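S.K.: This note's numbering numbers the first residue of the sequence shown as 15 and each following residue consecutively.
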Amino acid sequence: MAGIQRIFQGMHTASTALKAERARVDIIAQNIAQANTTRMPDTGEPYRREVVNFAPIYQKGPDGTQEVGGVRVSGVTKDYTTPFEVVHDPAHPDADADGNVLYPNVNTIKEMAELITALRAYEANIQVADSFERMAQRGLKLAE
Numbered sequence: 015m016a017g018i019q020r021i022f023q024g025m026h027t028a029s030t031a032l033k034a035e036r037a038r039v040d041i042i043a044q045n046i047a048q049a050n051t052t053r054m055p056d057t058g059e060p061y062r063r064e065v066v067n068f069a070p071i072y073q074k075g076p077d078g079t080q081e082v083g084g085v086r087v088s089g090v091t092k093d094y095t096t097p098f099e100v101v102h103d104p105a106h107p108d109a110d111a112d113g114n115v116l117y118p119n120v121n122t123i124k125e126m127a128e129l130i131t132a133l134r135a136y137e138a139n140i141q142v143a144d145s146f147e148r149m150a151q152r153g154l155k156l157a158e
């Protein structure tokens, strides 16, 4: 019985990681889409890059100790450490008195690299879930 629980536990862990990586991909896509937004309607500032934060999901192990049983999105935070890009463009409607425009702190090359990393992690977790499914199927065949 403990072996079956471990299989389902493994599938659960992989599924939580899939959900978390999907949220990460969505935020990265949003960052890329807003890379040229110089004024947000709510703040009047340029779009500020967002970052997904992960946290472990703890569960009680078979021996009663706490162990990590997955990952979850603990929040999405704005990146205040990376400065806005300053571009001299006096003709831009958002230019200041000196003709400078603040652009978002989104580096599309960095975002694309993050996107590739998130997609690779997503693919790896799909393979993990598939492996657990194959193990469960083999276990059922052995039980026949």
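Don't be surprised by glycine CBs; every beta carbon is placed ideally from N, CA and C. Computed from a predicted model, the values in this text were never measured in an experiment.
Please determine, among Val85, Tyr94, Arg152, the residue with the shortest C-alpha to C-alpha distance to alanine 10.
M.R.: Residue 10 falls outside the range modelled here, since the chain spans only 15 to 158, and no answer is possible.
S.K.: Which word fits glutamate 128, buried or exposed, when buried means at least 16 other C-beta atoms lie within 10 angstroms of its C-beta?
M.R.: Flag for glutamate 128 reads buried.
S.K.: Applying the 10 Å Cβ sphere with the 16-neighbour rule, what's the burial state of tyrosine 61?
M.R.: buried
S.K.: Give me the residue from Tyr72, Tyr117, Ala28, Phe146 with the minimum Cα distance to glutamine 48.
M.R.: Residue Tyr117 is the option with its Cα nearest to glutamine 48.
S.K.: Return no unless some Cβ of chain B is closer than 9 Å to the Cβ of valine 82.
M.R.: Of the protein chains in this structure there is only one, and it is not chain B.
S.K.: Comparing C-alpha positions only, which one of Glu147, Ala132, Asn45 sits nearest to arginine 63?
M.R.: Asn45
S.K.: Label threonine 79 either buried or exposed according to how many other C-beta atoms from any shown protein chain fall within 10 Å of its C-beta, with 16 as the threshold for buried.
M.R.: exposed
S.K.: Check each candidate in Val101, Gly83, Pro70 and name the one with the smallest Cα separation from histidine 26.
M.R.: Gly83
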